[in-house]
Amino acid sequence: MIELKNVSKWYGAIQVLNDCNLSVDKGDVVVVCGPSGSGKSTLIKTINALEPVQKGEIVVNGTVVTDPRTDLPKLRSQVGMVFQHFELFPHLSVTENLTIAQVKVLGRKLDDARARGLKMLDRVGLMAHKDKFPGQLSGGQQQRVAIARALSMDPIVMLFDEPTSALDPEMVGEVLDVMVKLASEGMTMMVVTHEMGFARKVASRVIFIDVGGHILEDCGKEEFFGHPENRQPRTKDFLSKIL
Ligand code: ADP
Ligand code: MG
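Per the UniProt record's numbering, the very first residue in the sequence shown carries number 1; after that it's consecutive.
The following block contains the structure:
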């Protein structure tokens, strides 16, 4: 579903991704962790070409993202993305937030878009809030709306960039619950997070990326958590700080 081959990226003279290789199969839940500034957000943004790369190839479901001829708006409409800050439109109601891109990007009829959006809102347990504005919701609820909004576009894969790290602790669980459910329903997901409980529960693989954009680990969760003796020193050091 996603393949990165020898991907390198620089911001000016600074290299932020260093010869990254990875593949994500249909139904995989790949958790990406690593220290601040290691390139996790950059990595995830390269997948829907929000960040260009200077070297290597990225393929999403057969579409070569790094090919200049690729229809990027079409690609982006198929790749759901959820950020740390929910980025809902503050002046639009929850329902309007859920429908606008379906209408404008996918060309759906308003009634169809609304039906689809509300179905996804129900899926994240927020039907009662459909007519509210983002400012009237808690952070956890806003993030669940952001997930519902992404799902409304019928994505083939979902990318998450630290979706719970801006939330008050008591709201982290409700967002992770939605993500666990999504994973168990077979959604292909790539998730940047330091929530190792989530990784232990649903990850098919865990990737550890170190400063400079080096992928140091890429292995199953049993291997990652169960065999610390096999991990790189940098990974052990990182895990000792967050676990
Ligand atoms: P992470 O998400 O792991 O914290 P990022 O991908 O955000 O890491 O950043 C990786 C490196 O690239 C950092 O050193 C960061 O300062 C730098 N960086 C990120 N975005 C930009 C940008 N737009 N311009 C220049 N440098 C950037
Ligand atoms: Mg980041």
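A virtual CB, placed ideally from N, CA and C, is assigned to each residue, including glycine.
Taking 7 Å as the line, does the beta carbon of Ser41 fall inside it for any heavy atom of the ligand ADP?
yes
For Lys9 and Gln54, which I take to be in contact (beta-carbon distance under 8 Å), what is that distance rounded to the nearest angstrom?
Rounded, the Cβ-Cβ distance is 6 Å, consistent with contact.
Measuring CA to CA, which of Leu92, Met179, Leu106 is closest to Leu137?
Leu92
Output yes or no for whether 8 Å exceeds the beta carbon distance between Val180 and Asp131.
Taking 8 Å as the Cβ cut-off, Val180 and Asp131 do not qualify as a contacting pair.
Taking the Cβ atom as the reference point for each residue, do Leu121 and Ala146 lie within a distance shorter than 8 Å?
No; because the gap between Cβ atoms is not below 8 Å, this pair is not in contact.
I'd like the ranges of any beta strand (DSSP E) spanning at least 3 consecutive residues and lying wholly in the segment 117–199.
157–161, 189–192
Any chance the CB of Ser165 is under 7 Å from a heavy atom of the ligand ADP?
no
Return yes when the Cβ of Leu176 is within less than 8 Å of the Cβ of Thr188, no when it is not.
Not a contact, by the Cβ cut-off of 8 Å.
For Ala128, which residues in the same chain have their Cβ closer than 8 Å to its Cβ, ignoring the five residues on either side in sequence?
none
Should Pro233 be labelled buried (16 or more other beta-carbon atoms within 10 Å of its own) or exposed?
exposed
Just checking Asp210 against the ligand MG - is the residue's beta carbon closer than 7 Å to any of the ligand's heavy atoms?
no
Could you say if the segment 66–75 and the segment 213–225 meet the contact criterion of at least three C-beta pairs nearer than 8 Å?
no
Out of curiosity, what's the CA-to-CA distance linking Val124 and Leu118?
10 Å
Got a sec, what are the start and stop residues for the beta strand (DSSP E) Val29 sits in?
29–33
Could you tell me if Leu243 is buried or exposed, where buried requires 16 or more neighbouring beta carbons within 10 angstroms of its beta carbon?
exposed
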